[in-house]
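Structure record follows, encoded as structure tokens.
Number of protein chains: 2
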Amino acid sequence: MTDWENLRFFVTLAREGTLSAAARVLAVDHVTVARRVAALEAETGLKLVDRRARSYRLTDDGKRIADTAMPMEEAAFAVGRAVQAVRPGLRGEVSISSPPSLANALIAPRLIALRRRHPGIHINLIGEKRTASLNRREADVALRLSRPSEPGLIARKIGRFGFSLYGAHAYLKETPPHALAFIAYDSSMDDAPQQKWLRTLVAGRETVLRTNDLENQAAAARTGVGLAVLPHFLGDRDPELRRYNAMSAPPDRDIWLLVHRDLRRTPIMRAVMDFLSDCTTRRRGE
Amino acid sequence: MTDWENLRFFVTLAREGTLSAAARVLAVDHVTVARRVAALEAETGLKLVDRRARSYRLTDDGKRIADTAMPMEEAAFAVGRAVQAVRPGLRGEVSISSPPSLANALIAPRLIALRRRHPGIHINLIGEKRTASLNRREADVALRLSRPSEPGLIARKIGRFGFSLYGAHAYLKETPPHALAFIAYDSSMDDAPQQKWLRTLVAGRETVLRTNDLENQAAAARTGVGLAVLPHFLGDRDPELRRYNAMSAPPDRDIWLLVHRDLRRTPIMRAVMDFLSDCTTRRRGE
DNA sequence: CGCGAATTGTGCGAAATTCCTCAATCATGC
DNA sequence: GCATGATTGAGGAATTTCGCACAATTCGCG
Chain A
3 MTDWENLRFF VTLAREGTLS AAARVLAVDH VTVARRVAAL EAETGLKLVD RRARSYRLTD
63 DGKRIADTAM PMEEAAFAVG RAVQAVRPGL RGEVSISSPP SLANALIAPR LIALRRRHPG
123 IHINLIGEKR TASLNRREAD VALRLSRPSE PGLIARKIGR FGFSLYGAHA YLKETPPHAL
183 AFIAYDSSMD DAPQQKWLRT LVAGRETVLR TNDLENQAAA ARTGVGLAVL PHFLGDRDPE
243 LRRYNAMSAP PDRDIWLLVH RDLRRTPIMR AVMDFLSDCT TRRRGE
Chain B
3 MTDWENLRFF VTLAREGTLS AAARVLAVDH VTVARRVAAL EAETGLKLVD RRARSYRLTD
63 DGKRIADTAM PMEEAAFAVG RAVQAVRPGL RGEVSISSPP SLANALIAPR LIALRRRHPG
123 IHINLIGEKR TASLNRREAD VALRLSRPSE PGLIARKIGR FGFSLYGAHA YLKETPPHAL
183 AFIAYDSSMD DAPQQKWLRT LVAGRETVLR TNDLENQAAA ARTGVGLAVL PHFLGDRDPE
243 LRRYNAMSAP PDRDIWLLVH RDLRRTPIMR AVMDFLSDCT TRRRGE
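Chains as they are written, first to last, in the working numbering: chain A, 3 to 288; chain B, 3 to 288.
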């Protein structure tokens, strides 16, 4: 292979499926992706993609080549991590991936403290449902609510928080228990423990709103349409919301800190990880 | 890592040591190598090389990065093999690495037969002392005289040949045994079994010529300056040379055929390997 | 059925990269 | 001590590569 760039373009095309999507990921024009894939075909003498009108479709050969080229991408990410690990001192950018609710409530408000302490560190806080891949270096560290088992990753438990049902103060006073309505996640979150717990509790009563966004649930609860299961760190600080104590309590959840093995020892990562640990453990007391 | 080409340049610079050597390997101008390495330094924010007057010298960081980037090169070679393996039919170029003597005496004269049988195959026969690396794809198949243990390589024994001492007809008739002189490999071949055997035999008698080239040894023996240890396939077919039977016989040597695991099943490789096998086993009878 | 959104393909101008040539530096051998 | 060979460095021309704008096609949806 005389041109590794062609392989890089081809691999991301293979993963993204479409020319335009690959172009977005690579931050280049879609024409460039098309050209480089064509160049790779010329170089190998193989037909790697079927150019369909609305999508590039890999041929069998293309699939095989893409598979063998994947390890190359892995190695490239390893190089990226090595660069990060070797970089001296406390400067540089660190990407943190976190569930949006944690990011908003616990991390973002305290970022100023980190910046004061380590002015050289630039933080990129990514609040996303989709769990970013540390292996692909979409983020440097991640907060998760369950312990995943990705190879090469180190997981550390750095906190724990509880849930309660919350409703608007007026709503709770006016509504008899059997008439209470509920606000829940949509079905994409059916596996979450607090959601399961809520399902058993609802038991025939009404679910008036489903949304995948926790802030939306809180906002809705505030208007008095029903009760939402919210983390304490979110519900307790809202002046318009009150806890509603049900028969059973929703299960607590642990906060896991994830970092790649190659990076965990670098000064900058240690600083960020300590900071994140502070954010989550201090909160436990409240 | 946003530009894999920079890594490719840097890795070969790290291996070759000098800018110009890397440029030769990469078939580009040395300035290009320098620029790409500089670009990689800018991209990573690390100082990867010390620009000394007469050589680029990797810094510690550079060494580390180069080490982590090596697997990337491995993967790139794997892609190259995959391309070769996927390529349909019996066309394409195959590189054969072989000890020069074998190449000249056994392979080259018969290549015409292979071409007749498979006109689509283009052979690139590399007769080199230095054993080419199949992993680096410097050759597709190799003939060796000992079984190496490189990872990913398949070795098969495809023949065996013996040695004898040879001298010019006249020289053998005129010279009494105690006055015989010898022709040997230079010290770089001290490990070869036939060389060791020769050393025990010489036992104080004269060694008039040392050369690392077997053809040179044969040519010298032909002129009557002494006896050389030659493979039978080389000495027997020379009308001016005769065997000289010493007390003990030199050890036979096996011929090994090496091919990378990823390539061994492709039609084109099977054809070439069958051909090589023919070349070496048929000869055994003679 | 027609509209809109998304994707791929094409032509052209701009920008970046590369190569070539010459000069400078340095180690090595005689 | 000096010539020689090899290497790095710099500037200008040429080639390659890239991005932009627009056309063409397909798919989904009301």
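All residues carry an ideal CB built from backbone N, CA and C; glycine is no exception.
Classification of residue i by the beta-carbon crowding that lies within 10 angstroms, buried from 16 upward
{"i": "THR46 of chain B", "result": "buried"}
{"i": "VAL81 of chain B", "result": "buried"}
{"i": "MET275 of chain A", "result": "buried"}
{"i": "GLY206 of chain A", "result": "exposed"}
{"i": "THR225 of chain A", "result": "exposed"}
{"i": "GLY122 of chain B", "result": "exposed"}
{"i": "GLU288 of chain B", "result": "Confidence at GLU288 of chain B is low in this model, with a pLDDT of 45, below 50, so its placement is unreliable and no value can be given for it."}
{"i": "ARG56 of chain B", "result": "exposed"}
{"i": "MET3 of chain B", "result": "buried"}
{"i": "ASN126 of chain B", "result": "exposed"}
{"i": "MET249 of chain B", "result": "exposed"}
{"i": "ASP31 of chain A", "result": "exposed"}
{"i": "ASP63 of chain B", "result": "buried"}
{"i": "VAL88 of chain A", "result": "buried"}
{"i": "VAL133 of chain A", "result": "The identity of residue 133 of chain A in the sequence shown is Thr, whereas the question assumes Val. By the 10 Å Cβ count, THR133 of chain A comes out buried."}
{"i": "HIS180 of chain B", "result": "exposed"}
{"i": "HIS120 of chain A", "result": "buried"}
{"i": "ALA29 of chain A", "result": "exposed"}
{"i": "GLU176 of chain A", "result": "exposed"}
{"i": "ARG285 of chain A", "result": "In this prediction, ARG285 of chain A has a pLDDT of 48, which is less than 50 and means its spatial position is unreliable; what the coordinates show is noted afterwards. That one is buried."}
{"i": "SER290 of chain B", "result": "In this structure chain B extends from 3 to 288, so residue 290 of chain B is not present and cannot be described."}
Proximity below 7 Å, CB of residue i to CB of residue j
{"i": "TRP258 of chain A", "j": "ARG10 of chain B", "result": "no"}
{"i": "TYR58 of chain B", "j": "LEU113 of chain B", "result": "no"}
{"i": "LEU229 of chain A", "j": "GLY237 of chain A", "result": "no"}
{"i": "ALA77 of chain A", "j": "ALA77 of chain B", "result": "yes"}
{"i": "PRO253 of chain A", "j": "VAL231 of chain A", "result": "no"}
{"i": "PHE163 of chain A", "j": "PRO269 of chain A", "result": "no"}
{"i": "ALA221 of chain A", "j": "GLY169 of chain A", "result": "no"}
{"i": "VAL35 of chain A", "j": "ALA23 of chain A", "result": "no"}
{"i": "TYR246 of chain B", "j": "LEU116 of chain B", "result": "no"}
{"i": "ARG212 of chain A", "j": "ASP240 of chain A", "result": "no"}
{"i": "PHE165 of chain A", "j": "GLN196 of chain A", "result": "yes"}
{"i": "ARG139 of chain B", "j": "PHE79 of chain B", "result": "yes"}
{"i": "MET74 of chain A", "j": "MET74 of chain B", "result": "yes"}
{"i": "PHE277 of chain B", "j": "ALA107 of chain B", "result": "no"}
{"i": "LEU155 of chain B", "j": "SER100 of chain B", "result": "no"}
{"i": "CYS281 of chain A", "j": "ILE109 of chain A", "result": "yes"}
Identified DSSP bridge partners for residue i
{"i": "TYR246 of chain B", "result": "B:LEU167"}
{"i": "TYR58 of chain B", "result": "B:ARG53"}
{"i": "ILE257 of chain B", "result": "B:GLY161"}
{"i": "ARG146 of chain A", "result": "A:TRP258"}
{"i": "LEU124 of chain A", "result": "Going by the sequence as given, residue 124 of chain A is His instead of Leu. According to DSSP, HIS124 of chain A bridges with A:GLU95."}
{"i": "LEU155 of chain B", "result": "B:HIS262"}
{"i": "SER100 of chain A", "result": "A:GLY129"}
Close-in-space but distant-in-sequence residues of the same chain around residue i (CB under 6 Å, 5 per side omitted)
{"i": "LEU147 of chain B", "result": "ARG255"}
{"i": "ASP69 of chain A", "result": "none"}
{"i": "THR209 of chain B", "result": "PHE184 and ALA186"}
{"i": "SER279 of chain A", "result": "ILE160"}
Close-in-space but distant-in-sequence residues of the same chain around residue i (CB under 8 Å, 5 per side omitted)
{"i": "VAL142 of chain B", "result": "Rather than Val, the amino acid found at residue 142 of chain B in this sequence is Asp. Correct list, in chain order: GLN86, VAL96, SER97, ILE98, LEU136, VAL261, HIS262, LEU265, MET271 and VAL274."}
{"i": "ASP215 of chain B", "result": "PRO102"}
{"i": "ALA41 of chain A", "result": "ASP5 and ASN8"}
{"i": "HIS124 of chain B", "result": "GLY94, GLU95 and VAL96"}
{"i": "MET72 of chain B", "result": "VAL13"}
{"i": "ILE67 of chain A", "result": "PHE12, THR46, LEU48 and LEU50"}
Contacts around residue i, its chain only, beta-carbon distance under 7 Å, and the 5 residues preceding and following it disregarded
{"i": "VAL39 of chain B", "result": "PHE11, PHE12, LEU15, LEU50 and VAL51"}
{"i": "ALA172 of chain B", "result": "GLY226"}
{"i": "THR283 of chain B", "result": "ILE160 and GLY161"}
{"i": "GLU43 of chain B", "result": "LYS49 and LEU50"}
{"i": "VAL204 of chain A", "result": "PHE184"}
Quick one: which unbroken alpha helix (DSSP H) runs of 4-plus residues sit fully inside the segment 165 to 240 of chain A? Chain order, please. For the segment 165 to 240 of chain A, the full-length alpha helix (DSSP H) segments reaching 4 residues or more read 171 to 176, 195 to 204, 216 to 225 and 234 to 237 along the chain.
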